[in-house]
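What follows is a set of notes on a single structure, which appears directly below.
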Amino acid sequence: MDIFLQQLINGLVSGSIYAIVALGYTLVYGILRLINFAHGEIVMLGAMIALSVIGLLTDSGLPGLLIVSLGLLCAIPCCMLIGYLIERIAYRPLRHAPSLTPLITAIGVSIVLQNLAMMIWGKEFISFPPLIDVQYFSISEATINSVQIFIVIVSTLMMTGLNYLVNKTKLGNAMRATAQNAEVAGLMGVNANTIISLTFVIGSALAAVAGMMVTMNYNVAHYDMGFMLGLKAFTAAVLGGIGNLRGAMFGGILLGIIESMGAGYLGTLTNGMFGSNYQDVFAFFTLIGVLIFKPSGLLGKAGGERP
Amino acid sequence: MVKKILSAYCKLPYCKVISSLLLGLVLLTLPFITDYALGRIWVRILDFSLLYIMLALGLNIVVGFAGLLDLGFVAFFAVGAYSYAILGSPHLGIHLPTWLLLPIGTVLAGFFGILLGTPTLKLRGDYLAIVTLGFGEIIRIFLNNLNAPYNLTGGPQGINLIDPLNFGGISLSQAGWFPAVYNYYYCFLVFVLLIIFTTHRLQYSRIGRAWVAIREDEIAAQAMGINTRNIKLLAFSMGASFGGLGGGLFAGFQGFVSPESFNLMESVMILCMIVLGGMGHIPGVIFGAIVLTVLPEALRYLGPLQNNVFGKILVDPADLRMLVFGMALILVMLLRPAGLWPSPIRKQEFDEAIEDSND
Amino acid sequence: MRLKKSLLLLALLSAGAVSQQTIAGDLVIKIGSAAPLTGPQALLGKDNENGVKLAIEEINAAGLTIGKTKAKVELLSEDDQADPRAATIVAQKFVDQQVNGVIGHLNSGATIPASKIYNDAGIVQISPSATAIAYTAQGYKTAFRVMTNDSQQGLALANYAVKNLKAKNIAIIDDRTAYGQGLADEFEKDAKAAGAAIVAREYTNDKAVDFTAIITSIKGKKPDVVFFAGMTPQAAPMMRQIVGLQLKAQFLSADGAKTPEFIKLAGGAAEGAIASSPGVVLEQSANGKAFAAKFEKKFGKIQNYAPYAYEATLTLIEAMKVAGSADPAKYQPFLAKISRNGVLGPIAFDAKGDIKNGAVTLYQVKKGSWVALP
Chain A
3 MDIFLQQLIN GLVSGSIYAI VALGYTLVYG ILRLINFAHG EIVMLGAMIA LSVIGLLTDS
63 GLPGLLIVSL GLLCAIPCCM LIGYLIERIA YRPLRHAPSL TPLITAIGVS IVLQNLAMMI
123 WGKEFISFPP LIDVQYFSIS EATINSVQIF IVIVSTLMMT GLNYLVNKTK LGNAMRATAQ
183 NAEVAGLMGV NANTIISLTF VIGSALAAVA GMMVTMNYNV AHYDMGFMLG LKAFTAAVLG
243 GIGNLRGAMF GGILLGIIES MGAGYLGTLT NGMFGSNYQD VFAFFTLIGV LIFKPSGLLG
303 KAGGERP
Chain B
74 MVKKILSAYC KLPYCKVISS LLLGLVLLTL PFITDYALGR IWVRILDFSL LYIMLALGLN
134 IVVGFAGLLD LGFVAFFAVG AYSYAILGSP HLGIHLPTWL LLPIGTVLAG FFGILLGTPT
194 LKLRGDYLAI VTLGFGEIIR IFLNNLNAPY NLTGGPQGIN LIDPLNFGGI SLSQAGWFPA
254 VYNYYYCFLV FVLLIIFTTH RLQYSRIGRA WVAIREDEIA AQAMGINTRN IKLLAFSMGA
314 SFGGLGGGLF AGFQGFVSPE SFNLMESVMI LCMIVLGGMG HIPGVIFGAI VLTVLPEALR
374 YLGPLQNNVF GKILVDPADL RMLVFGMALI LVMLLRPAGL WPSPIRKQEF DEAIEDSND
Chain C
1292 MRLKKSLLLL ALLSAGAVSQ QTIAGDLVIK IGSAAPLTGP QALLGKDNEN GVKLAIEEIN
1352 AAGLTIGKTK AKVELLSEDD QADPRAATIV AQKFVDQQVN GVIGHLNSGA TIPASKIYND
1412 AGIVQISPSA TAIAYTAQGY KTAFRVMTND SQQGLALANY AVKNLKAKNI AIIDDRTAYG
1472 QGLADEFEKD AKAAGAAIVA REYTNDKAVD FTAIITSIKG KKPDVVFFAG MTPQAAPMMR
1532 QIVGLQLKAQ FLSADGAKTP EFIKLAGGAA EGAIASSPGV VLEQSANGKA FAAKFEKKFG
1592 KIQNYAPYAY EATLTLIEAM KVAGSADPAK YQPFLAKISR NGVLGPIAFD AKGDIKNGAV
1652 TLYQVKKGSW VALP
């Protein structure tokens, strides 16, 4: 039982990170029907920029939490700018091209960003300096630390905030209108270009926070860290029903839990036939299973025709 | 000027015959010319280009003709390569002849194509993309882990010392009249021509038109009496079997297979080839495959090039190589969104779409 | 076809560059260095390249005579992306450039397919870091390595775990790469033979950073020792998570984790971790110390395999000197019989090309640095 509880905590923490990244995918997909392959790289850039700032300030004598917040505060606008530029340069000119064309530029952007980061920050793994005093808490035999609690709380707050933004504000209204039909929204006085740019900017801000969370939790950052994370998060977004905010959150947390339960219990369940080496297989089989019965994801709207 | 000469040439009698003869001559002498002018490494790169042409043409059936976005195509490549490796190496001590190994790999890959196709028939667009991506990863993970309890695939260590391609007792890896890389060039060329011929015939057959109908509008296609299920499955299995054939040839050529060769990036690269070249257009796809195989290798010369131009190396060429490659992908797509060499019909449709949106 | 033309031009330009450098009258010995210089393993690849670079600079500075002609060593470095297919292209390129010997490749997966091409062309290759048994088991006369193979290191680690650490229950984690799986399998076999029980065999991959699930599962089985076969980028966060989840077992790993990066990334959690490294302790021999000092001055910290790449290069040149020829066919027999003392201890090859009774040293993290265990 203790092990089960611990696996649940493990899954919840990694799932919260997936969820925040998945939100970025789903936001862009909802409006443009575009898989923004470069989103994972923005997460990486967020982590790298924050770490650079933190590295500069480590010896300044400021309190640790302040330094970390300053790092994050620098990373967010930088990532927003990068997100905006990517959309302007690589996606906007192709808005009416066949749907696969922007996918290829997205892959190109991903390669470029990764290699640029390699040239700027080097090939080393960068570690998160020990600025925060990590506290450990025990729940019966299971443990959770303060960083993990922080991650779960912040991601919940961000998800609620985003949900409010999209569903309750005027900007959110415009976003949803553009997602449904950009032309008609244009007739109603919504500037589609502005809305799309804003979507990218918001998604990139989320990515910066996610990047910060990843480095705080795992203590490493590397120019290569974005791709795999992006892929997992995208899977999570599809699992929940891509284009649907709540779906992305739900899918992210679900994927985190599926992974940790899979790694933890697959060996016992199959009597040692399949162990934690089939963890990813397990996640993908779940995805395929879900999509067979609900082709538009767990929380996606059924029957949505997507050409 | 060039156009004039070309049109004058085309009016000549037998111009088609002359062109084909010329093309044939070029293809036959290409390894000799390349070896002489650029070195044997480029003959090897030519071999890989031919291999990727096969893969790209296979994926083109699924993505280009039938419009089903497949991000896990490398799985079929892997199935072909591993079936060749397992049945033709000291790994299990089985040494089947090449003329059996290649068809087995092709059929097995085709079967896996149906296996992937069946549960995903209902899915569209990006949902299909993520499921195929997952399928590719599942195959890779199984290959990586099936060394226990029974050592079938060699696990991460892969399978080594695979029998080379061997036709009628003549091993292609032994330099006979020609060096080994030449032998493989001619062998791959024959298969590529075969595949080009098949896909070309398919494209204009009933099946080919049914694929295009599904791509353009699945519901309308169904209403016109097309059995969309069978036609889609056919696309998956046809494409997969070409991939499987390519895999078998790869295993025989390389002599070593390991799961590292069949990762997601490989699928993405093959997809890039067809989109960059011009989706659904056979010459375009071939061109795309050649460009994307040759470009990363050509960029290896960035170091010596910097040396010649600036007199010293400014940026580490290894760092620059993939950066330039990524930029090239973006630039080509921005400048020629329909691909480098799109089919005339598709280009026209595309231009119209742009005009519509500009109104 | 305009592309082809410009390619031709590009190639011609670069060919010109190569010939320009070889105008000098002395014998030019070309050494190829192949390692991943892009992608996730770029850091290690660069380290190998630097090791070769330093060796070549030293040799050139000291002056080299092969036979009776003065010689100069030239480095040709290529990126194999840790990809088997790219490795064969790199190998072919070296064959085309008629290199006199190759130091590489880094990964077993790249080394094995490339070794076939070198063997066909008769070019001698010394891998500084490939550990897969299959590499030298192919019967190629041209294939050598200065790194212990999986079975040599696996045995040393298993013996240490069972005899010195008195482990009865061992948990094994591997990263499902050729390196990790090969080493873990050998370790498991030898540990069982030595009398320990393997209570858990868990897996991760070489891109993972979250190991909480497998650690939690291992914790339930209460092992004395956790052995991880994999590289630093996984080992360091794993170590942190082991401490965080209060799994009380001795952490044991191999050369992939015995890096300064491990301590940097794992921070305080690294204390007490044990890892092995083939060869004798670098700081114990005079030339080992000198090497470390020179390398650090020039390129910064040694990541992992630079000493091996350095040693491999010196060994290769030494064989040429003894043979009085830089022709691989002529110096290969001398290389096979070579016996010299390098920065990592004695170097001699057995019949297969593996390093003979390769020493394995164990290190423990004490007060933030790796200290050799007696």
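Chains as they are written, first to last, in my numbering: chain A, 3 to 309; chain B, 74 to 432; chain C, 1292 to 1665. Where is the CB? At the ideal position from N, CA and C, for every residue including glycine. Keep in mind the model is a prediction, meaning the values are calculated, not measured.
* Selection from C/Ala-1584, C/Asp-1466 and C/Ala-1597 that minimises the alpha carbon distance to C/Asp-1338 -> The residue with the shortest Cα to Cα distance from C/Asp-1338 is C/Ala-1597.
* To do: Compute the distance between the beta-carbons of B/Ala-308 and B/Ile-134, then report whether it is under 8 Å.
  => The beta carbons of B/Ala-308 and B/Ile-134 sit closer together than 8 Å.
* **Contact with chain A by B/Glu-370, beta-carbon distance below 8 Å** => For B/Glu-370, the answer is no, since every Cβ of chain A falls outside 8 Å of its Cβ.
* Please confirm whether B/Val-358 and B/Ile-343 have their CB atoms less than 8 Å apart. => Not closer than 8 Å, so no.
* Residues near B/Phe-335 in its chain [Cβ-Cβ closer than 6 Å; skip 5 each side] -> Answer for B/Phe-335: Val-147, Ala-151 and Arg-213, listed in chain order.
* Which partner residues does C/Ile-1357 have in the DSSP bridge list? -> DSSP output for C/Ile-1357 lists C/Thr-1360 as bridge partner(s).
* To do: Within its chain, find whatever has a CB closer than 6 Å to the CB of C/Thr-1360; leave out the 5 residues flanking it on each side and keep chain order.
  => So the qualifying residues of the chain are Leu-1318.
* **Reduced DSSP secondary structure (H/G/I, E/B, other) of C/Ala-1452** => Helix.
* **Whole runs of the beta strand (DSSP E) within the segment 1402-1485 of chain C, excluding any shorter than 3 residues** => As summarised for the segment 1402-1485 of chain C, the continuous beta strand (DSSP E) elements at least 3 residues long and confined to that stretch are 1416-1418, 1434-1436 and 1460-1465, given in chain order.
* Asked: Excluding five sequence neighbours on each side, which residues of the same chain lie with their C-beta closer than 7 Å to the C-beta of B/Ile-211?
  -> Taken in chain order, the list of residues that qualify is empty.
* To do: Please compile the residues from chain C whose C-beta is within a distance smaller than 7 Å of the C-beta of B/Gly-112.
  => The answer, in chain order, is Asp-1387.
* Asked: Which residues in chain B sit within 8 Å of C/Pro-1331, going by Cβ to Cβ distance?
  -> Taking the beta carbon of C/Pro-1331 as reference, no residue of chain B falls within 8 Å; the closest one sits roughly 11 Å away.
* Return the residue from the list A/Ser-54, A/Gly-66 and A/Ile-69 that minimises the CA-CA distance to A/Ile-2. => An answer regarding residue 2 of chain A cannot be provided, because it is not within the stretch 3 to 309 covered by chain A.
* Quick one: grab the DSSP three-state call for B/Arg-279. => Here B/Arg-279 sits in helix by DSSP.
* Rounded to a whole number of angstroms, what is the C-alpha to C-alpha distance between C/Ala-1485 and A/Phe-286? -> When the Cα atoms are used, C/Ala-1485 and A/Phe-286 turn out to be separated by approximately 39 Å.
* What residues of chain B sit near C/Ala-1425, judged by a beta carbon separation below 7 Å? -> Scanning chain B for C-beta atoms nearer than 7 Å to the C-beta of C/Ala-1425 yields Gln-230 and Asn-233, reported in chain order.
* Near-chain B residues of the segment 1470-1484 of chain C - C-beta to any C-beta below 7 Å -> The residues in question are Gln-1472 and Gly-1473.
* To do: Identify the continuous beta strand (DSSP E) that holds C/Val-1393 and give its terminal residues.
  => Judged by DSSP secondary structure, C/Val-1393 falls within the beta strand (DSSP E) whose first and last residues are 1392-1394.
* To do: Give the interface partners of B/Ala-391 over in chain C, defined as CB-CB distance under 7 Å, in chain order.
  => Within chain C, the residues near B/Ala-391 are Leu-1328, Thr-1329 and Asp-1370.
* Asked: What number of angstroms, rounded off, separates the C-alpha of B/Leu-124 from the C-alpha of A/Gln-116?
  -> About 28 Å.
* Asked: Who are the Cβ neighbours of B/Leu-372 in its own chain at under 7 Å, not counting the five residues just before and after it?
  -> Here the set comprises Arg-394, Val-397 and Phe-398.
* Classify B/Pro-332 as buried or exposed, calling it buried when 16 or more other Cβ atoms lie within 10 Å of its own Cβ. => Around the beta carbon of B/Pro-332, 16 or more other beta carbons sit within 10 angstroms, so the residue counts as buried.
* Asked: From A/Val-222 to A/Ile-11, what does the alpha carbon distance come to, in whole angstroms?
  -> Each residue's alpha carbon lies about 21 Å from the other.
* Let me know if B/Cys-88 comes out buried or exposed under the rule of 16 or more other beta-carbons within 10 Å of its beta-carbon. => Answer is exposed; the Cβ neighbour count stays below 16.
* Where C/Gly-1547 falls: helix, strand or coil (DSSP) -> Residue state, collapsed to three classes: coil.
* Determine, using beta carbons only, whether C/Asp-1275 comes closer than 8 Å to chain B. => Nothing about residue 1275 of chain C can be read from this structure; chain C reaches only from 1292 to 1665.
* Return no unless some Cβ of chain C is closer than 8 Å to the Cβ of B/Glu-333. => Answer yes: the Cβ-Cβ gap between B/Glu-333 and chain C drops below 8 Å somewhere.
* To do: Step through the CB atoms of chain A and report whether any lies within less than 8 Å of the CB of B/Glu-210.
  => Any Cβ of chain A closer than 8 Å to the Cβ of B/Glu-210 would place that residue at the interface, and such an atom is present.
* To do: Starting from C/Ile-1565, trace the beta strand (DSSP E) both ways and give me its first and last residue.
  => 1565-1569 is the span of the beta strand (DSSP E), which, as asked, contains C/Ile-1565.
* Could you give the distance in angstroms between the alpha-carbon of A/Ala-210 and the alpha-carbon of C/Ala-1487? -> Those two C-alpha atoms are separated by around 47 Å.
* Shortest alpha-carbon distance to C/Phe-1502 belongs to which of C/Ala-1482, C/Ala-1526 and C/Ile-1489? -> Minimum Cα-Cα distance from C/Phe-1502 among the listed residues C/Ala-1482, C/Ala-1526 and C/Ile-1489 corresponds to C/Ala-1526.
* Going by C-alpha distance, which of A/Gly-124, A/Gly-13, A/Leu-25 and A/Ile-5 is nearest A/Leu-233? -> The alpha carbon of A/Leu-233 has as its nearest neighbour, out of A/Gly-124, A/Gly-13, A/Leu-25 and A/Ile-5, the alpha carbon of A/Leu-25.
* What did DSSP end up calling C/Lys-1321 once you bin it into helix, strand or coil? -> It is a strand residue.
* For A/Ser-278, the nearest candidate out of C/Asp-1374, C/Ala-1499, C/Asp-1481 and C/Ala-1663 (CA to CA) -> Comparing Cα positions, the closest option is C/Ala-1499.
* **Reduced DSSP secondary structure (H/G/I, E/B, other) of C/Leu-1334** => Here C/Leu-1334 sits in helix by DSSP.
* Asked: CB-CB under 6 Å to B/Glu-370, same chain, minus the five flanking residues each way: which ones, in chain order?
  -> The residues are Ile-118.
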